[in-house]
Amino acid sequence: MADQDGAPWREVPEQYGPWDRAYDLFRRWQRDGTWKRIFEQLQAEADAKGLITWGVSVDSTIARAHQHAAGARKKGHCRRNLPAASTPSPTTTASDARVAG
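Right under this line is the structure:
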């Protein structure tokens with residue numbers, strides 16, 4: 100069930116009090132390192148019992164772009180020799196603006 104304004108994340112069992120107090124405590128423990136210490140302790144206990152496999156996985160995948168994706172020139176074409184894509188528009192002067200209006 101959601102609270103008055105429909106926020107389901109604000110649902111906290113009654114024994115923990117209002118959601119904002121539980122959240123404040125969570126954030127305080129996050130800032131002061133309590134959660135990190137809890138995690139490290141649980142991890143150490145699990146490691147001592149042999150429940151953790153310490154494996155390393157390295158991915159050396161390389162993705163390369165095609166040469167034309169990087170703006171390389173195509174065979175036989177040089178940008179200097181290609182005609183301009185568009186011609187510049189003529190300059191408008193103050194007298195031209197009065198005539199047009």
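Residue numbers (the working numbering): 100 to 200.
No residue lacks a Cβ here, since even glycine has one placed at the ideal position from N, Cα and C.
Practice prompt. Report the three-state DSSP secondary structure of GLU144 (helix, strand or coil).
Written response: helix
Discussion item. So, at 7 Å on beta carbons, what are the nonlocal neighbours of MET100 in its own chain, with the 5 sequence-adjacent residues on each side left out?
Written reply: Model confidence at MET100 stands at a pLDDT of 47, short of 50, so the residue's coordinates are unreliable; what they give is reported in the following sentence. Taken in chain order, the residues that qualify are GLU110.
Practice prompt. Would you kindly work out how many angstroms separate the C-alpha atoms of TYR122 and THR133, rounded to a whole number?
Written response: 14 Å
Worksheet item: By the 10 Å Cβ neighbour count, where 16 or more other Cβ atoms means buried, how is GLU113 classified, buried or exposed?
Response: Classification of GLU113: exposed, given that the 10 Å Cβ count is below 16.
Item to complete: Classify ASP123 as helix, strand or coil using the three-state DSSP reduction.
Response: Helix at ASP123.
Discussion item. So, with DSSP's three-state summary, where would you put TRP118?
Written reply: helix
Fill in: Alpha-carbon spacing of GLN67 relative to ASP119, whole angstroms
Residue coverage of the chain in this structure runs from 100 to 200, which leaves residue 67 outside it and unanswerable.
Worksheet item: Quick one: what's got a C-beta closer than 8 Å to ASP151's C-beta in the same chain, skipping five residues either side?
Response: Residue identity check: residue 151 is Ile in the sequence provided, not Asp. Around ILE151: GLN142, ALA145.
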